[in-house]
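**Q**
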Amino acid sequence: MNKTIRRASAFTLLLVLALLVRATWVQFYEGRALADDKDNRRNAIETYSAPLGNIIVGGRSVTGSARTTTGDLAYKRTYTDGRLYAAVTGYASQAYAPTQLEGIYTDLLNGTDSRLKSVMDTLTDRRADPGNVITTIDPDVQEAAFDALGDKKGGAVAIDPKTGRILAAVSTPSYDPSSLTDANTAGAAWKKLTTDPDKPLVNRALRQPLPPGSTFKLVVAAAALEDGLYASVDQRTDSPDPYTLPGTTRVLTNENPAAPCTNATIRTALQYSCNNVFAKMAVKLGQDKVKAMAEKFGFNDDRLDVPVRAYTSVYPSDMYPSQTALTGIGQFDVTATPLQMAMVSAAIANGGKLAAPHMVDRITDSGGDVLRDYGDADSEEILSSSTAEQLQSAMRTVVEKGTGTNARIPGATVGGKTGTAQHGENNSQVPYAWFTSYGTSDSSGKEVAVAVVVEQSDAARSEVSGNGLAAPVARAIMRAALAD
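For the sequence shown, my numbering gives the first residue as 4, with consecutive numbering after it.
#1: Give me, in chain order, the residues of the same chain whose beta-carbon lies closer than 6 angstroms to that of L228; leave out the 5 immediate sequence neighbours on both sides.
#2: Put V453 into one of helix, strand or coil per three-state DSSP.
#3: What whole-angstrom Cβ distance do T338 and V293 have, given they're in contact under 8 angstroms?
#4: Counting Cβ pairs, one atom from each stretch, are 3 or more of them under 8 angstroms apart for the segment 448 to 458 and the segment 341 to 352?
#5: Do L288 and A397 have their C-beta atoms within less than 9 angstroms of each other?
#6: What residues are listed by DSSP as bridge partners for I58?
#7: Which residues does DSSP pair with F438 in a beta bridge?
#8: From the DSSP output, in three-state form, read off G167 for me.
#9: Could you spell out the range, first to last residue, of the alpha helix (DSSP H) harbouring V293?
#10: In its own chain, which residues sit with a C-beta less than 7 angstroms from the C-beta of V65, not counting the 5 before and 5 after it?
#11: At the level of alpha carbons, what is the spacing between V370 and D132?
#12: Between the C-alpha atoms of Y314 and M362, what's the straight-line distance to the nearest angstrom?
#13: Cα separation between P176 and F281?
#14: Mapping the DSSP letters down to three states, classify G375 as helix, strand or coil.
#15: Beta-carbon within less than 7 angstroms of D237's beta-carbon, same chain only, minus the 5 sequence neighbours each way: which residues are those?
#16: Using 8 angstroms as the cut-off, can you tell me whether the segment 372 to 384 makes contact with the segment 212 to 228, which would need three or more C-beta pairs spanning the two stretches below that distance?
#17: Work out the CA separation of D230 and M296 for me, nearest whole Å.
#18: What does G157 pair with, by DSSP beta-bridge criteria?
#19: What does the alpha-carbon distance come out to for the pair A98 and A345?
#20: Just the C-alpha distance for L37 and N46, rounded to the nearest angstrom, thanks.
#21: By alpha-carbon positions, which one of T27, I137, A21, L76 ends up nearest to D368?
#22: Looking at C-beta atoms only, is the number of pairs between the segment 411 to 423 and the segment 194 to 205 that lie closer than 8 angstroms three or more?
#23: Does the Cβ-Cβ distance between P324 and G250 come in under 9 angstroms?
#24: Check whether the segment 139 to 146 and the segment 469 to 477 are in contact - that is, three or more C-beta pairs closer than 8 angstroms.
#25: Does the distance from the C-beta atom of S440 to that of A484 stay below 9 angstroms?
#26: Measuring alpha carbon to alpha carbon, tell me which residue in I48, G62, A90 is nearest T73.
#27: Within a Cβ cutoff of 6 angstroms, which residues of the same chain sit near N278, ignoring the five residues on either side of it in sequence?
#28: When the Cα atoms are used, what is the spatial distance from D75 to D364?
#29: Taking Cβ to Cβ, would you say Y51 is nearer than 9 angstroms to Y78?
#30: For S320 and A285, I'd like the C-alpha separation in whole angstroms.
#31: Taking only three categories from DSSP, how would you classify L213?
#32: If you drop the 5 nearest sequence neighbours on each side, which residues of the same chain put their C-beta closer than 8 angstroms to that of R253?
#33: How many whole angstroms separate the CB atoms of L112 and L55, which I take to be in contact at a CB cut-off of 8 angstroms?
#34: Beta-carbon within less than 6 angstroms of P475's beta-carbon, same chain only, minus the 5 sequence neighbours each way: which residues are those?
#35: If you follow the beta strand (DSSP E) that T82 is in, where does it begin and where does it stop?
#36: Would you decide whether N353 is buried or exposed? Buried here means 16 or more other CB atoms lie within 10 Å of its CB.
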């Protein structure tokens, strides 16, 4: 064999070996990445080749699947009362990545979860029948929250204080997830939703942190009682009115100039929402102690999964004393979601024990056999029972004869705290209206903790308040949750 042929043969052999190595690499190392690639059409075809599993609320499926008439995707997702449950279910779309429970339990709902496979499924590589997600949501409570928020822009969360079960999670304005399910029409719906200035795709119940305003005073009060700064909610404080922020000439005033806020007790300060008391209290405690208490309630937790990942509620660090003072009234850089403020009321209502919030009770296979039972959450004691009882009492005073009278419910014991948080530079925009509360049925002993925020409504600016806008929403939610 001459030299030229020998070289050509060797080069050809090297090319063949290179192709074999590349093919092996693609098959065994890059195969999974290619299979999982979002642009791989085969994944969508496989996912929608059969009906999906369902999300269950109150024993009834709020999702379904419908046969398509065109294209290569045999089925599409459908929703019952989609707007009502959008903040819970999210959407499963032929065109876009799934969200909320649809996204978290994608493998379970499309049958690819390994826990669903039988021995025969494994041998034949057949996709298993999909499983179902059973939620903790109470349909009556969810509907009450949705109807009470109405045309307002806001969010609401209701929690069972003892178990941590989320009974309602509502965000308004909402959207119909069905508009996003069909690949042929989803694009136009997506553009409309994402350009809407009211941002209906934002989950305001779980993922929209805002300044909590005076509702945060409960956290500061808890820190003061636990630290021993004050022995009880009825001990007078050292709180001049007006209060000058330390290191500044800025004077902090109260919403009601006639309120008895000078040296007021914690009970009176919560009743009239005295800014001077809690601003000075935060400074006297120091930011580290306030932060430690806030974190016990769940602030600064960037892994709060319910199982949807809630947006982090923040208590800041490295502040000047004047800034610490403002955090005492839920301003400066303090932010919270309705979920977080519902957790504050839930822990107080539950004797100082915080049960981890969750909205999924269990997941099952297609036959109803339980794959995982989440059960009632473990509780962590974050406050002494004495502190919790005192705060419960002070919150009842707020509702009975303070700033939260619109939350009163006949036949129930209700405690709460209002909040009106500044919005925009120099409070130039419409404030946020907050209310966080707990309620106990006098006849059945049922309990619920609720938090509501109203970002925007048709009310005149002068009428925006926690009692005027948010408390009536909380009252409707509590009434539904406490009904026999």
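The beta carbon of each residue, even a glycine, is placed where N, CA and C say it ideally should be.
**A** Considering the structure as presented:
#1: In the same chain as L228, and ignoring 5 residues on each side of it, the C-beta atoms closer than 6 angstroms to its own belong to T390, in chain order.
#2: Correct three-state label for V453: strand.
#3: Not confirmed; about 15 angstroms, so no contact.
#4: Touching, yes.
#5: no
#6: In DSSP, I58 forms a bridge with V136.
#7: Its beta-bridge partners are T421, V455.
#8: Three-state result, G167: coil.
#9: 290 to 300
#10: Cβ within range, chain order: I58, Y82, T83, D84, Y88, T92.
#11: It is Gly, not Val, that sits at residue 370 in the sequence shown. Near 9 angstroms, if we compare the C-alpha coordinates of D132 and G370.
#12: 16 angstroms
#13: 33 angstroms
#14: Inspection of the sequence shows that residue 375 is occupied by Arg rather than by Gly. Residue state, collapsed to three classes: strand.
#15: For D237, where only same-chain residues beyond five positions count, the Cβ hits under 7 angstroms are T268, R270.
#16: These segments do not touch.
#17: Each residue's Cα considered, the two are about 10 angstroms apart.
#18: T175, V457
#19: 35 angstroms
#20: Low confidence applies here, because L37 scores a pLDDT of 46, under 50, leaving its location unreliable; read the following figure in that light. Spanning the two alpha carbons is a distance of roughly 10 angstroms.
#21: I137
#22: no
#23: Going by C-beta atoms, P324 is nearer than 9 angstroms to G250.
#24: no
#25: Taking the C-beta atoms as reference points, A484 is found no nearer than 9 angstroms to S440.
#26: I48
#27: L255, N257, I332
#28: 35 angstroms
#29: yes
#30: S320 and A285 have their C-alpha atoms roughly 13 angstroms apart.
#31: strand
#32: T247, S325, listed in sequence order.
#33: 5 angstroms
#34: The answer, listed in chain order, is N409.
#35: Checking the sequence shown, residue 82 turns out to be Tyr, not Thr. Looking at the DSSP string, the run of the beta strand (DSSP E) that includes Y82 is 78 to 82.
#36: buried
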